[in-house]
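My numbering applies: residue 4 is where the sequence shown begins, and numbers increase by one.
Think of the CB as a built atom: it goes at the ideal place given N, C-alpha and C, for glycine as much as any other residue.
The next block holds one structure in the form of structure tokens; read it before the comments.
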Amino acid sequence: MSLHKKVVYRVQCIRDEKHIFEKVFLIEEGSETVATRVEAYCPHCNAQATVLVQGKVVADTTLLRKYGLE
Numbered sequence: 004m005s006l007h008k009k010v011v012y013r014v015q016c017i018r019d020e021k022h023i024f025e026k027v028f029l030i031e032e033g034s035e036t037v038a039t040r041v042e043a044y045c046p047h048c049n050a051q052a053t054v055l056v057q058g059k060v061v062a063d064t065t066l067l068r069k070y071g072l073e
């Protein structure tokens, strides 16, 4: 079983550089050398944006279960 840690990133929206927000990702321990592209929601412009996160991002199973996606 691999260990995970929560990491808070400050994300800048690709649509407007003034849109900066925080997003929490679950990162697999020891995978900091790998970069992962993920979708993040910008609350300022109400749109999805692709961001690059340092580390292997792990799916939030609690959220997936809530929406029946697991």
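Distance between residue j and residue i (C-alpha atoms, nearest Å)
| i | j | result |
| --- | --- | --- |
| V11 | H22 | 16 Å |
| L29 | A50 | 21 Å |
| Y16 | T53 | Reading the sequence as shown, one finds Cys at residue 16 and not Tyr. Looking at the two C-alpha atoms, the distance is approximately 9 Å. |
| T64 | T36 | 23 Å |
| K69 | A62 | 13 Å |
Backbone secondary structure at residue i - three-state DSSP
| i | result |
| --- | --- |
| K69 | helix |
| T53 | strand |
| T36 | coil |
Where residue i falls, given that 16 or more other Cβ within 10 Å makes a residue buried
| i | result |
| --- | --- |
| C45 | buried |
| K59 | buried |
| V14 | buried |
Opening and closing residue of the beta strand (DSSP E) in which residue i lies
| i | result |
| --- | --- |
| K9 | 7–15 |
| K26 | 23–31 |
Same chain only: Cβ atoms within 8 Å of residue i, ignoring 5 sequence neighbours per side
| i | result |
| --- | --- |
| S34 | G58, K59 |
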